[in-house]
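Inspection log for the structure reproduced underneath, given as structure tokens.
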Amino acid sequence: MRILRLWRHPGSWTIFRLDDRLLLILIAVIVGTCSGLAAIALNRSLIAMFEWLHNFRHYWWSFIIPAVGAALSALFLDKIVKEGAGHGVPEVVYSVSRYGGLMRFRSSFSRLISSCLTIGSGGSAGPEAPVVMSGAAIGSNIAKFFFLNDRQRITIVGCGAAGAISSIFNAPIAGMVFSIEVILGEWKSVNIVPIAIASVAGTEISRILQGNQIAFSHRLFNIHHLDIVACIGLAIVSAAASLLLTRFLRSMHGVSKKAPFPIWMRAAAGGCMVGIIGIFLPIVLGEGYHSIRTMIEGAFAQGLGIVAVAAFAKILATSLTLGWGGSGGIFAPCLVIGSLAGLTYHRGLVLLWPSVPWVNEGCFALLGMAGLISGMLQAPLTGIFLIIEITGSYEVILPLIIVSVISTTLCHYIEPASFYLKELIEKGQLLRPGTDARVLSDLNVRELLEKDCISVKQNVLLRDFVNIIKKSHRNYFPVEDENTGNFLGMIHLDDIRSYLFNPLMYDAVVLGQIMDTDVEVVYLDDDLSKVLRRMDANRLFSMPVIANKKFIGMISKATLLDKYRKELMVQTGF
Amino acid sequence: MDAQLFHIFRNTPLGRETLLQSIYFCKKIGASLIIYIPEFTKFLMYFENDVVQIDLDSSYLTSPETALKHAKELLDQGKIKARFLDPKNFTASTLPDIATNFDFMCCPRSISDLSSKIGLGYIGPRVRRIVNSARFPVLITSPVFKKWRSIAVFFGGSANAINALKLGFRLSRASEMPLSVYTHMENVSRESYEEIIKNENLEEEMDRYVTEWHIFESGKFEENIYDVPHDALVVMGAYGHSLIRNIFFGGKMEKIQSTITNNLLIAGPNYTLTR
Amino acid sequence: MKLSLKDIARCLDLPASTVDRWIRQGRIPIHRSENVCIFKKSIIEKWAFNHGLPFSPLDKEKEIYKKQTLKLENLIPAMQFGGVFHGIKGDDVESVLKSAVDKVPVLPINKEGLYERLLEREALTSTGIGKGVAIPHPRAPLPEEIDNPLITTCFLEKSIDFEAIDDRPVFVMFILLSTSIKNHLHLLSRLAFCVRDDSFVKFLRTYPDSSSLLSKIADCENLLDRDDN
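Chains as they are written, first to last, in the numbering used here: chain A, 1 to 574; chain B, 575 to 849; chain C, 850 to 1078.
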């Protein structure tokens, strides 16, 4: 029995207690494998479902299929696993920053099933965000099983996300970078090592089961100097496309919220519209990897007009699917839109300057993908590494960096928050490690309490109070009711200093008469950031803390600074 | 006592009974009451090493417009003030987080399932998970509001039973109600229990608070439980048995909760006395 | 090493709730099982050093605590230590101080230096606090020269003009030497309290001997302590 319990607590083993890096690496292998398997499971079932449903595509009623899928997925999320809609990445980041990465067990499979229903039936969404959520939840639950502490659990959650991304794209570096850049936001070797291991494990699993195939292989590109200049234009185009997608998604969300139907009906309506678009432009359906492949190979036959319309239609379809309650991420649609935008741009260039020997249009499709990913996620490194790895083309690195960086910058001007983190930033819940918001959210009022104030009763004479002052270290005296002990008000020495030296007042005044009853008070569960804001607004340096109507201590800026500094040092140290 | 009891209000007659019980509890031990009137059918509770999603059934959302009024009426009748909890953080837009830094929490026997299941011998799975992960004891109310006039602690000698005993002392001190201890002997002598008390330095408190220590040396546990007064608040510790162990061997807690209708205050395995 | 959460929090000079949270968040290399914290002392010391936090083991912690709450010495020990002398000769401030300094018992300190410092202080304003009493003292405490504060009581052979605030000639001097400002203020205020009492001054006029003076002072101090509490 004891051994059994010890086995569940590897954190307390002597070898790991002092240095847990080895432990984290071991667990990272497990987590990376599990989340890699989850990713492959989703990938396989998506392909299977898509192929099975392909048999029905030529019927006239085929536009119903995405509607049914979306409705089923919304019903599943809402009624069976009782989770909210959405792609889940904000939830992961939120739990990482506030609760040490604690996630529910059900999250480890819910998004897989719901996104499989949505995408498999033809909804325009990506499987990556759901896989990230599942991987993170798998990691969190494994960490929970082994009773790891918060810091270790956060790392393991990052491992889960990294393993999932690595596995689904066969791209270990992209998984690593994504996990650190987007999920954790903290570049530290204690994080990076286990996450790298998890990426390797996830990738290896995918290679064993699926073979080592590069997702979008192609032939070599010959890039000239002029192409690099043209990239700047492409960056602008892809930034515009990603902004368009962001705006569309948001407005669709707003519209669907107002619709007076239950969630699954909304999802069905969105799916239906996607289906109708799909009849004319089948490229918008599903996650669209196949069409990316043809585009990169330069074998996409349609002309400039059709490509431009398709890019727009894909944006519309994606926002219809996701904004109206379907389940899935934006990664894959971004890739499709990016390659369509790249293609459009290339064809436009050729039309304008037919004599210039432009590089193959596949190259521009590839760069467009990088631009879109960087613009939407505002994570340039993820964009760069992902595209290099999934296309296996190191020779495009220079234009790739240019497009990614410019696109990120442009999008950042207009949309200061990335798609994944927007929700959190709006709620003020993005608490990256080592930031002011994080330190303040970790500290709480109870830890800052100063208990050396002497409470006085309201009917005490000023004469007796003078003797109390002699013994006090503080300038503040809380006044309490004689019978109930409830807090009535504060006496600040500054306010009554002039009476203190006037013995005539000594027997004429009781404390109840000179106390300040209109004091700003703090409750134990108040947010420190709000408390600080109130202090600043009222020019206060300390405030009394009240619990259950009784005075329990003071909170002051001086103690706050001391504790804040210690907290910051401990958080940012190694 | 600067303690807080967390209560989820259900705007139904059953919920009224539960709230009455919470009000009574708070008044007796001088705790302050915190009421959450749910706006969504689910919320999350983040504990130290677990997160529990509580799915309320739709009866918790019954006529939200009268919920606040009903709750306030009950509070006025009980002449007690309460704070209404307004969740500040949301994991997802319809999924609020509820803090877990309370000293007690009040649950009906089942939070999420149909109220037809509320009866003896059944404690809902989510209530169990709260008990298992919470650092606070959970007050599981009897289906109908029942005043209690004494405290009964079940003491089996384990570490958690000692926690429960200490909790009993604390309640007895705060409520000034008589406290009696019940022990069902299991193969060991009476002295060994006294030894445990001695080792924990609880002798003095035993003398001060405990009016009677019933030690059952023979007889079936279920039959002996009849001696527990009907109007006692039963305090006990729950050991963190796994589900399988519970099914095969059955816990003391299971036997107690399936036999008596009293209000139960259960201190889970994570219950700490630090606060 | 095993310590309770409260003790480890005391060592780190932090609230227990903070340490508890840090352990939970894995920020501090301590493992907790129930209420016992398990850790290695050298590791935690290194960790505290790296993060600029103070860490003082419990016994040392107690020492610091003791130092902070060190009870300030009262008049009696200081007066016993300083001694009571009668018939100090001299016609003016300088000569009186000169002969008084000779009597101060803590030595091997440099008496010339002490004398100069007392004079320096007299030059600022007279230390004659009225009613024929003067309390000469140097401006700054003398932590290096002496270990314990002392008060040397000197009854003068004849009263001299000390330029006291009430212009009455001084007949008794309490030379006050202390180790810290805090100590100095403490003793000074106690002495002043005694002198404020007219009956005490009357008693001094009788040129009492050492033991009766000390018992009188003890009475005064008891009165003072009673008022305080």
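Cβ atoms here follow ideal geometry from the backbone N, Cα and C, with glycine treated the same way.
Per DSSP, the bridge partner or partners of residue i
i	result
Ser754/B	Ala726/B and Glu786/B
Val545/A	Val522/A and Gly553/A
Lys851/C	Ile887/C
Pro670/B	Phe664/B
Gly962/C	Bridge partners of Gly962/C: none, in fact.
Met273/A	None, per the DSSP bridge assignment.
Cys1003/C	Phe934/C and Met1022/C
is_contact[residue i, chain B] using C-beta, thresh 9 Å
i	result
Asp527/A	yes
Leu102/A	yes
Ala136/A	no
Glu389/A	no
Glu480/A	no
Asn548/A	yes
is_contact[residue i, chain C] using C-beta, thresh 9 Å
i	result
Glu186/A	no
Glu567/A	yes
Gln429/A	no
Asn444/A	yes
Gln152/A	yes
Lys422/A	no
Within-9 Å CB hit, residue i to chain A
i	result
Arg870/C	yes
Gln874/C	yes
Lys653/B	no
Lys662/B	yes
Leu1063/C	no
Leu1037/C	no
Ser606/B	yes
Thr851/B	The first residue shown for chain B is 575 and the last is 849, placing residue 851/B beyond what the model contains.
Cα-Cα separation between residue i and residue j, rounded to whole angstroms
i	j	result
Leu400/A	Val626/B	44 Å
Trp187/A	Ile25/A	17 Å
Lys601/B	Arg8/A	42 Å
Phe822/B	Lys829/B	Reliability fails at Phe822/B, whose pLDDT of 49 lies under 50, so the model's placement of it is uncertain and the value that follows must be treated cautiously. Roughly 13 Å separates the two Cα atoms.
Gly875/C	Ser291/A	47 Å
Ser949/C	Ile469/A	For the sequence presented, residue 949/C should be read as Ala rather than Ser. Roughly 39 Å between the two C-alpha positions.
Gly553/A	Arg534/A	17 Å
Ser73/A	Phe551/A	52 Å
Gly362/A	Gly139/A	37 Å
Gln213/A	Pro661/B	48 Å
Ser154/A	Val131/A	It is worth fixing the name first, because residue 154/A is Ile in this sequence and not Ser. Ile154/A and Val131/A: Cα-Cα distance of roughly 17 Å.
Asn997/C	Ser754/B	59 Å
Ala308/A	Pro380/A	25 Å
Pro416/A	Pro670/B	26 Å
Ala268/A	Val274/A	10 Å
Gly512/A	Ile496/A	13 Å
Ile685/B	Ile628/B	8 Å
Trp787/B	Ala865/C	35 Å
Thr118/A	Ala71/A	8 Å
Amino acids of chain C, ordered along the chain, whose beta-carbon sits closer than 7 Å to that of residue i
i	result
Arg539/A	Per Cβ cutoff of 7 Å: no residues; Arg539/A is ~27 Å from chain C at best.
Glu447/A	Pro864, Ser866 and Thr867
Chain B residues whose Cβ lies nearer than 8 Å to that of residue i
i	result
Lys82/A	Thr615, Lys616, Gln627 and Asp629
Lys144/A	Asn623 and Asp624
Tyr94/A	Thr665
Asn483/A	Result: empty, since nearest Cβ-Cβ is about 14 Å, beyond 8 Å.
Contact list for residue i against chain A, beta-carbon separation under 7 Å
i	result
Asn899/C	Gly573
Cross-chain neighbours of residue i in chain C, by beta carbon under 8 Å
i	result
Asn149/A	Ile872, Arg873, Gln874 and Gly875
Amino acids of chain B, ordered along the chain, whose beta-carbon sits closer than 9 Å to that of residue i
i	result
Arg98/A	Tyr620, Asn663, Thr665 and Asp671
Contacts of residue i in chain A (Cβ-Cβ under 8 Å)
i	result
Leu902/C	Lys566, Met569 and Val570
What runs of the alpha helix (DSSP H), each 4 residues or longer, lie entirely inside the segment 613-667 of chain B? 638-652
Mind pulling the alpha helix (DSSP H) runs of 4 or more residues that sit fully within the segment 931-990 of chain C? 942-952 and 960-973
Contiguous alpha helix (DSSP H) assignments of at least 4 residues, all confined to the segment 340-427 of chain A: 361-377, 380-391, 397-414 and 422-426
Taking the runs of the alpha helix (DSSP H) that are 4 residues or longer, which of them lie wholly in the segment 92-159 of chain A? 107-120 and 128-145
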